Structures are given as C-alpha cells and as structure tokens.
Amino acid sequence: MDQPPAAQPNPSDEVVAVYDRDGNPIGQTPRSVVYRDGLWHASAGVLVRSTDGQHVYVHRRTACKTVFGGHHDCIAGGVVDPGESPYETAVREVGEELGIFGTKDAPLRLEEIARTTWDGQWDGRALRCHLFAFELRYDGPIHHQPSEIADGWWWTPEELDAHLQDPSWLFVPDTRVLLADYCWRSVSQK
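Each position in the sequence shown, counted from 1, maps to that position plus 636 in the numbering used here.
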C-alpha cells in the first residue's frame with residue numbers, strides 16, 4: 637500500500653533542534669513539523685526580575701503567535717536552535733523579545749532556576765518540550781519585539797501568584813509547570 641507523500645515544509649520555516657524523550661539532542665527539523673508531529677524539542681527562556689527582587693516582568697504574547705498566542709507569560713524565551721545550548725537560547729531570546737542585551741565587558745548573568753519536561757497539548761495536538769528557565773536581575777529599559785510581545789508590566793510576585801491561581805487566566809501552560817517546579821510561592825522571599 638502506498639504511503640501519502642510526506643508534507644513538505646515551508647522553505648521559510650525555521651529549523652529547530654529535535655530531542656529524544658530523555659532530553660538529548662538527536663537532530664533537527666522545521667518547527668512546523670515539530671508542532672505537527674508532536675516531536676520532542678527544547679525551549680529556554682528568562683524570568684526577568686528587578687535587581688531588588690521585588691518585581692517580575694510579565695508580558696502578553698501577540699495573538700498571531702503560532703503557539704499560545706494571546707497568552708500571558710513571565711518567561712521571555714523560545715525554541716532551542718540546532719547546535720545551540722539552552723543558555724545560549726535564553727540569552728538570544730531575552731535580547732530578541734525584550735531588547736535586553738549584554739556586552740563583551742558586561743555579559744548577561746543568567747542563573748538557571750528550573751528545568752523540567754512538559755508533555756502537553758496545544759490545539760488538539762501533542763506538544764512535547766524540555767523546558768529550561770533562567771533568571772536575570774535587571775532594572776534597565778525593555779523594548780518589546782512587536783511580532784512577539786503585545787504588552788508587558790512589572791508585577792510583584794504576589795500579583796503574579798494571584799493571577800496564576802485563576803485557571804481561566806490565559807497563561808502559557810508550560811511556564812505554569814516551570815513555576816511549579818521552581819516553587820513559585822517561595823519566590824517572593826528570594
């Protein structure tokens with residue numbers, strides 16, 4: 637019996653790293669194939685906290701995002717590219733999405749705060765991801781990438797926690813998992 641022809645990826649589709657279930661990189665494929673077929677991949681991002689630890693930057697993703705469009709998040713991040721470490725992804729993404737860059741003399745200092753896996757669903761399809769979260773203490777300007785971030789605010793951890801208690805509040809589900817692993821309710825004491 638003949639198999640249907642394999643779907644051809646869009647030539648402009650971004651190629652991302654593919655991982656196995658245990659978190660090891662095993663190859664690369666277009667992002668659309670990862671999402672269509674529910675392949676394991678990895679994402680990394682940054683929780684931006686004020687230098688005094690009293691506020692966390694929360695943003696709303698643009699409605700046109702392929703995954704979790706219009707949802708709120710407190711992690712600026714994205715999918716790990718082939719050959720890229722999660723740390724490198726986090727540095728790249730916080731620069732792209734929030735305009736926060738280090739320099740040669742003053743590189744960004746990110747601290748890994750959580751890692752976990754998420755075997756969830758989005759739009760009726762499997763979405764499987766190894767998640768890496770880092771924290772940056774920062775008080776400088778923030779410049780949103782218009783195609784990624786619709787709006788953003790500095791909130792206290794208590795304000796974010798109050799929103800997270802509402803299961804109907806549109807918040808990125810894999811970040812909910814990360815925050816649970818990070819013992820989010822103890823964050824305000826850090």
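In this text, a Cβ means the ideal position worked out from N, Cα and C, and glycines have one as well.
Treat the numbers as computed from the prediction; the structure is a model and nothing was measured.
Asked, Found
"Tell me, please, which residues DSSP counts as bridged to residue 783.", "BP columns for residue 783 are empty, so no partner."
"Can you give the beta carbon distance from residue 833 to residue 653, rounded, assuming they're within the 8 Å contact cut?", "The question about residue 833 has no answer here: the residues shown for the chain are numbered 637 through 826."
"Residue 679 by DSSP, collapsed to three states: which one?", "strand"
"Using the Cβ count rule (16 or more neighbours within 10 Å means buried), how would you classify residue 710?", "buried"
"Restricting to Cα atoms, I'd like to know which of 656, 649, 650 and 706 is closest to residue 766.", "656"
"Kindly provide the ranges of any beta strand (DSSP E) runs that are 3 or more residues long and lie completely inside the segment 711-794, ordered along the chain.", "712-715, 747-758, 761-773 and 785-791"
"Straight-line CA distance for residue 748 to residue 768?", "8 Å"
"Going by beta carbon distance, what residues of the same chain come within less than 7 Å of residue 787, once the five residues before and after it are set aside?", "695 and 696"
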